[in-house]
Amino acid sequence: MRTRLRFWWRYLTGNTPWDSNITPPELLDLIEQIDPGQALDIGCGTGTNVIYLARQGWQAVGVDVVGQAIRQAEKKARYAGLTESTRFLHADIARLPELSIPQPLDLVLDIGCFHALSKETQRSYPTHIAALMRHAAPFLLYAHITPAGVTSDRLTAEQITAHFAEDFELITVSQGIDTASQGASGWFQFARK
313 MRTRLRFWWR YLTGNTPWDS NITPPELLDL IEQIDPGQAL DIGCGTGTNV
363 IYLARQGWQA VGVDVVGQAI RQAEKKARYA GLTESTRFLH ADIARLPELS
413 IPQPLDLVLD IGCFHALSKE TQRSYPTHIA ALMRHAAPFL LYAHITPAGV
463 TSDRLTAEQI TAHFAEDFEL ITVSQGIDTA SQGASGWFQF ARK
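Counting in our numbering, the sequence shown runs from 313 upward without gaps.
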């Protein structure tokens, strides 16, 4: 509950360094390699990537726990004339199986949501996502990580890979530094098994 309140407050005050309104190059590169279809952006914020996907011919759904972010996303989609190919849901991702999301999904994005989830929600997260996806569909994950050998509440890249291994095959992983937090981060591209 504290995490949800913290995100609500940050959107209310405009203190959202993660919401750059820029689609990351990792997503741009991936989209060049696959045909449009049904997409889900988990933790979509103000909808930047949902709108980008819609402009590329995708039907895209964004989910976020912060109502203010969803309202901004809906406004951006209306302004862009993309209300027919976008949909935004104000919901807790822990309730993913209960949400009305078109299936099977051809792409799932999580750019910064997984690492903010409770340990309990993280445990069921891979299975819930996989249940919505078609075989071999890509799952692009960006997460804050802990460098190997450092003690932290965050997972290492190896732990994240192992966490998703039952339902997903790792395609690529690249580690770096998050520009907003200056902490270790990683981009993981998985494929649904």
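Backbone N, C-alpha and C fix where the C-beta goes; we use that ideal spot for every residue, glycine too. From a predicted model like this one, the values you see are computed outputs, not experimental measurements.
6 Å CB neighbourhood of residue i in its chain, flanking five on each side removed
i	result
Q415	L444
G397	The sequence given here has Ser at residue 397, not Gly. Here the set comprises A366, Q371.
E459	It is worth fixing the name first, because residue 459 is Pro in this sequence and not Glu. Once the five neighbours on either side are set aside, the close Cβ partners of P459 are A496.
Close beta carbons around residue i, own chain, < 8 Å, minus the five adjacent residues each side
i	result
F400	C356, G359, V362, V373, G374, V375, D376, I382, A385, E386, A389
A392	I363, A366, R367
Paired residues, beta bridge with residue i - DSSP
i	result
E481	A503
L342	Answer is none; L342 lacks a bridge partner.
T395	DSSP lists no partner for T395.
Classification of residue i by the beta-carbon crowding that lies within 10 angstroms, buried from 16 upward
i	result
R504	buried
D422	buried
D347	exposed
L419	buried
P337	exposed
H427	buried
L340	exposed
S332	exposed
G369	exposed
Rounded distance between the beta-carbons of residue j and residue i, thought under 8 Å
i	j	result
L365	A351	5 Å
F500	L467	Their Cβ separation, rounded to whole angstroms, is 11 Å, which puts F500 and L467 out of contact at 8 Å.
H475	P438	7 Å
I405	L429	7 Å
Checklist entry - Which full runs of the alpha helix (DSSP H) of 4+ residues lie inside the segment 409–467, going along the chain? => result Entirely contained in the segment 409–467, the alpha helix (DSSP H) runs reaching 4 residues are, in chain order, 431–442.
Checklist entry - Going along the chain, which unbroken runs of the beta strand (DSSP E) with 3 or more residues stay wholly within the segment 345–372? => result The segment 345–372 contains these whole beta strand (DSSP E) runs: 350–354.
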